[in-house]
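In what follows, a structure is listed as structure tokens, so that the remarks can point back to it.
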DNA sequence: CCTCATCATGGTAGCGCTACCACAAGATGC
DNA sequence: GCATCTTGTGGTAGCGCTACCATGATGAGG
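Residue numbers (our numbering), protein chains in the order written: chain A, 2 to 377; chain B, 2 to 377.
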């Protein structure tokens, strides 16, 4: 107040400007503060932050030191405002597996908030339903789509993405498309490893439940299973391979068939956790103890795997990391496109893990000998 | 290029300005476009958008018409940049139920993107672990917390929130705290309704599995069960009420106890879906058909309810709507606080629904008569 | 009739950052 | 030796919106 008086006429813009309390957000350091500290211009700081080239190593270090000292964090709002267009990408999903979904969301959310982009989450029941929705989203300014299976395995969906000139990132597709980026795990090798693990436990008759034939990954998992069997010199028996559809219910039916086979398999490897859980339920209904009478293994490591009892031995997919990568890849590609570049679609393979829990063990004598001592 | 030549010196700022292609985001309409269309100033448009007073009704309508005509949507980034501080709220969760979580996330995500605020998702295993995390988040500028149970049922957590001068919204607490806002369903009434529904089916011996004693809602559900029994003139039997902890495993143990009771109950009402699913598994193991030999009902309508077979009859909580409300309430309260107001904590009760699926039916003659024809 | 409050509205200056150019200094080519 | 690139850096002008004043028009009060 006193300032105003001492300065000039009260209505003077100069006085006003001085009087005004800054609207700055809680005194957080800005790029200008960093520049002052590092004795360079804000532009140079900006360049360092964004990892652009053309900055001398020495300068870069000074800037980084200043950033660390002031505990500076860029203001997202300003960034996207100045950066021109706001990036918006859509997360399509029809996957009813809630545990998959929440991991999926968390990964995307985290990355989106880091990159300050908007993510639209779109539920869709079927592929047929997905397509008009995607078209509509694209018209609404969505330039990127994150596609989990089975959407990313459907060529017509991928074609649609190309048609609307959007970017698609496939998360966990069965096989890499030549036209769109993808992040996946090695389904073949993972299924191979799990099968080898079961064989290593001493099992010789291992049932397999195939996943939804719509998803290409299902086939790869089946092949991994077969390869491990062959590698171990075990026969691949048709009666021990039954079709499922990734649902609990289909898993029950498949497990019923498998358990009815004579001699009964001593282990079941299901292509996902829902079907594995169903297999456990069926085994229990038949008064078979898991894992003592029968080993059951799953795939995915969704929440269900550790919810039920016994907890499932399964293959963990790093879903969260996969989605996070997908989002950042989408951003990268969209930005590159705007700059006129059009790189060939990237392929990212992430590591899986075999998570050993309580549902597997070596075949007990009775079970292993089963075929011989009670052939019926 | 030609322009530059024809205009003035190539380096002239005027020429440069003309040459520069606008950085505007894809030609989306701005507040200025709306102002032009509505023949008023951008300020007036801003006032209309933000629902501020002091705008003539006639002007407001013109502005709204212009907004509709141009299909204008405010730019979030610019808004929060100009508006000063960025709102940031944290979503704490320790709930391992993935389906609950994904619903929880979706609701928050949607609302957060609508209001353009940043949501930080923080996983925490225990209440003890949650507290330092929350303190740290608060120091980092988080001013609001969304708290699901059991966090919101813990007084020390609520006290911590007050201490760091943050805002907390409880999502589904057992009882309303006097100091913080909450959004919940009527757990008592919902449990009452479900019990009444089961009684209406003809059941007289209904087992109940209590939830985690840490969560106050557990008690309310129990009370609803008891009230419905009393209302119907049925005895409340101690041996038909067993303690669970909301986990599948605890549900199995509880169901084992319940099924061992003589005469066996013809129905089990579990306080959540995980425990209901476990009850179904136990029933199947005992070769009891669900629902023909025993009815099993759950609570929450998480994904598990419709994953397993038979699908569970359960109480649906509108989790997504609850979280969305929580986020918007947090924003509202934080803004009000900044403006110096401090309203009394709001309480929001949302409607639940009884979802009838495949796991309930009237008691079969054998089961109903059970007590009488085979007393052992 | 002239204050003084009360609307309704407009003007202007940022919010913090990045795009775009300018420009100096050295490297390169002919 | 001079035009031409390259490299590192700085200056400036916004991005779209809102906070803050200023202003003109009205009505109330003396």
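Glycine included, every Cβ here is placed at the ideal spot set by N, Cα and C.
These numbers come from a predicted model, not from an experiment.
So is residue 308 (chain A) in contact with chain B if we call contact Cβ pairs under 8 Å?
With 8 Å as the cut-off, residue 308 (chain A) counts as an interface residue toward chain B.
Those residues which DSSP pairs with residue 254 (chain A) across a bridge:
Per DSSP, residue 254 (chain A) has no beta-bridge partner at all.
Under 6 Å Cβ to Cβ from residue 186 (chain A), same chain only, skipping five residues before and after it: list those, please.
Setting aside the 5 residues that flank it on each side, residue 186 (chain A) is surrounded in the same chain by 318, 351, 353, each with a C-beta closer than 6 Å to its C-beta; the list follows chain order.
First and last residue of the beta strand (DSSP E) that includes residue 167 (chain B)?
For residue 167 (chain B), there is no enclosing beta strand (DSSP E), as DSSP marks it with neither H nor E.
Terminal residues of the continuous alpha helix (DSSP H) containing residue 227 (chain B)?
Bounds of the alpha helix (DSSP H) holding residue 227 (chain B) are 217-232.
How many angstroms separate the CA atom of residue 390 (chain A) from the CA atom of residue 195 (chain A)?
Shown here, chain A extends from 2 to 377; a query on residue 390 (chain A) therefore has no answer.
What number of angstroms, rounded off, separates the C-alpha of residue 143 (chain B) from the C-alpha of residue 267 (chain A)?
The alpha-carbon atoms of residue 143 (chain B) and residue 267 (chain A) are separated by roughly 53 Å.
Nearest candidate by alpha-carbon position, reference residue 250 (chain B), set A:36, A:113, A:305
The candidate whose alpha carbon is nearest that of residue 250 (chain B) is A:305.
In chain order, which continuous runs of the alpha helix (DSSP H) of length 4 or greater are located wholly inside the stretch 185-219 of chain A?
Counting whole runs of 4 or more residues, the stretch 185-219 of chain A contains the alpha helix (DSSP H) stretches 188-201.
For residue 242 (chain B), list the residues DSSP reports as bridge partners.
As DSSP reads the structure, residue 242 (chain B) sits in a beta bridge with B:209.
Same chain, Cβ closer than 8 Å to residue 372 (chain B), neighbours up to 5 away in sequence not counted:
The predicted model places residue 372 (chain B) with a pLDDT of 40, which falls under 50 and marks its position as unreliable; any figure quoted below should be read in that light. Here the set comprises 206, 264.
What does the alpha-carbon distance come out to for the pair residue 303 (chain A) and residue 232 (chain A)?
Cα-Cα distance, rounded: 29 Å.
Got a sec? Which residues, its chain only, sit under 8 Å from residue 72 (chain B) by beta carbon, not counting five neighbours each side?
Non-local C-beta neighbours of residue 72 (chain B) in its own chain, meaning closer than 8 Å and more than five positions away in sequence, comprise 30, ordered along the chain.
Identify each residue in the stretch 322-341 of chain B for which the Cβ-Cβ distance to at least one residue of chain A is less than 8 Å, and report them in chain order.
Listed in sequence order: no entries.
Per DSSP, what kind of secondary structure is residue 318 (chain A) in: helix, strand or coil?
Residue 318 (chain A) sits in coil when the DSSP states are folded into three classes, being neither helix nor strand.
Taking C-beta to C-beta, are residue 170 (chain A) and residue 184 (chain A) nearer than 8 Å?
Pairing residue 170 (chain A) with residue 184 (chain A) gives a Cβ-Cβ distance under 8 Å.
Could you round the C-beta distance between residue 216 (chain B) and residue 151 (chain B) to whole angstroms and report it? I think they count as a contact, below 8 Å.
Indeed they touch by this definition, with Cβ atoms about 5 Å apart.
Suppose you measure from the CA of residue 88 (chain B) to the CA of residue 332 (chain B); what does that come to, to the nearest Å?
Looking at the backbone, the Cα of residue 88 (chain B) and that of residue 332 (chain B) are separated by about 8 Å.
If you draw a straight line from the C-alpha of residue 149 (chain A) to the C-alpha of residue 101 (chain A), how long is it?
So the two alpha carbons sit approximately 10 Å from each other.
Cα-Cα separation between residue 83 (chain B) and residue 311 (chain B), rounded to whole angstroms:
Straight across, the Cα-Cα distance linking residue 83 (chain B) with residue 311 (chain B) is about 54 Å.
Residue 360 (chain A) classed as buried or exposed, judged by whether at least 16 other C-beta atoms fall within 10 angstroms
By the beta-carbon neighbour count (other beta carbons within 10 angstroms, threshold 16), residue 360 (chain A) is buried.
Does the structure place the stretch 268-278 of chain A close enough to the stretch 199-214 of chain A that three or more beta carbon pairs sit under 8 Å?
Contact holds between the stretch 199-214 of chain A and the stretch 268-278 of chain A, because three or more Cβ pairs, one in each stretch, are under 8 Å apart.
For residue 285 (chain B), the nearest candidate out of B:116, B:299, B:309, B:262 (CA to CA)
Of the candidates B:116, B:299, B:309, B:262, the one whose C-alpha sits nearest the C-alpha of residue 285 (chain B) is B:309.
At the 8 Å Cβ level, is residue 356 (chain A) part of the contact set with chain B, yes or no?
Between residue 356 (chain A) and chain B, the shortest Cβ-Cβ separation is not below 8 Å.
Top-ranked residue by Cα proximity to residue 224 (chain A), from A:202, A:197, A:248, A:322:
Ranking A:202, A:197, A:248, A:322 by Cα distance to residue 224 (chain A) puts A:197 first.
Please name the residues in the stretch 72-85 of chain A whose beta-carbon is closer than 9 Å to at least one beta-carbon of chain B, in chain order.
Within the stretch 72-85 of chain A, those residues whose Cβ lies closer than 9 Å to any Cβ of chain B are, in chain order, 76, 77, 78, 79, 80, 81, 82, 83, 84, 85.
Listing by chain order, which chain A residues have their CB less than 7 Å from the CB of residue 360 (chain B)?
Those within 7 Å of residue 360 (chain B) in chain A number zero; the least Cβ separation is about 14 Å.
Tell me where the beta strand (DSSP E) around residue 89 (chain A) begins and ends.
It spans 89-94 - the beta strand (DSSP E) in which residue 89 (chain A) sits, taken as one unbroken run.
Does any C-beta atom of chain A lie closer than 8 Å to the C-beta of residue 48 (chain B)?
Under the 8 Å criterion on CB atoms, residue 48 (chain B) is classed as non-interfacial with respect to chain A.
Scan the stretch 151-163 of chain A for residues whose Cβ lies nearer than 7 Å to a Cβ of chain B and list them as they occur along the chain.
Residues of the stretch 151-163 of chain A whose Cβ lies closer than 7 Å to any Cβ of chain B: none.
In three-state terms, what does DSSP make of residue 285 (chain A)?
Residue state for residue 285 (chain A) is assigned as helix, using DSSP reduced to three classes.
Neighbouring residues, chain B, relative to residue 259 (chain A) (Cβ below 9 Å):
Going along chain B, no residue has its Cβ under 9 Å from residue 259 (chain A), so there is no contact; the nearest lies around 17 Å.
Does the distance from the C-beta atom of residue 93 (chain A) to that of residue 147 (chain A) stay below 8 Å?
Contact flag set, yes.
Rounded straight-line distance, which links the Cα of residue 192 (chain A) to that of residue 200 (chain A):
Their Cα atoms are separated by approximately 12 Å.
Between residue 34 (chain A) and residue 70 (chain A), what straight-line distance do the alpha-carbon atoms span, to the nearest angstrom?
Cα to Cα, residue 34 (chain A) sits roughly 11 Å from residue 70 (chain A).
Alpha carbon to alpha carbon, what distance is there between residue 106 (chain A) and residue 325 (chain B)?
One C-alpha to the other measures close to 16 Å.
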